[in-house]
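Structure first, then comments.
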Amino acid sequence: MSRATRRIVVTHLTDRGMNPAEIASELGVSTDTVRRGLRDGAPPAPAPEPELAAPVAAGLLLPEGTQLQQDLNVLTAAFRAQPEDVARFAIHQAAEGVRHHWQARTRQAAKT
């Protein structure tokens, strides 16, 4: 059992009314270890995960953002399509632009 887990268990068992000797016996550790765990207290709770927006396309999550949502709404209305289809199209268009850019650079490098 990890130290952090043991600290949580020690805090929980103390809250249930067990004394350090009983907890030590239960966990198979020394009374000093239990006392150290009580002195240190339970580890702090982990930071909450950032909230994500609803899925836009299969397997694709986008962070919350007012501007992003407005842009998606404009494209959805313009194309009269589902948000998933609009996101797929926009990603495809951006990737095509990058592909053409890199192909042009590769051709130019080959000429020199």
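Add 993 to the 1-based position in the sequence shown for the numbering used here, that's all there is to it.
Idealized CB from N, CA, C, for every residue including glycine.
Using the C-alpha atoms, what's the distance from residue j back to residue i?
i	j	result
D1033	R1000	8 Å
L977	W1095	With the chain running from 994 to 1105 in the structure shown, residue 977 is simply not present.
T1059	A1102	41 Å
T1004	G1030	8 Å
A1083	R1098	23 Å
I1109	A1040	This structure cannot settle anything about residue 1109, because the visible part of the chain is limited to 994 through 1105.
A1087	D1078	14 Å
A1014	S995	20 Å
K1104	N1066	44 Å
I need the DSSP call for residue i, collapsed to helix, strand or coil.
i	result
P1041	coil
V1027	helix
Q1060	helix
S995	coil
R1032	helix
Q1086	helix
V1091	helix
Q1101	helix
R1081	helix
A1017	helix
A1074	coil
N1066	helix
A1022	The sequence shown places Val at residue 1022, not Ala. Note: V1022 maps to coil in three-state DSSP.
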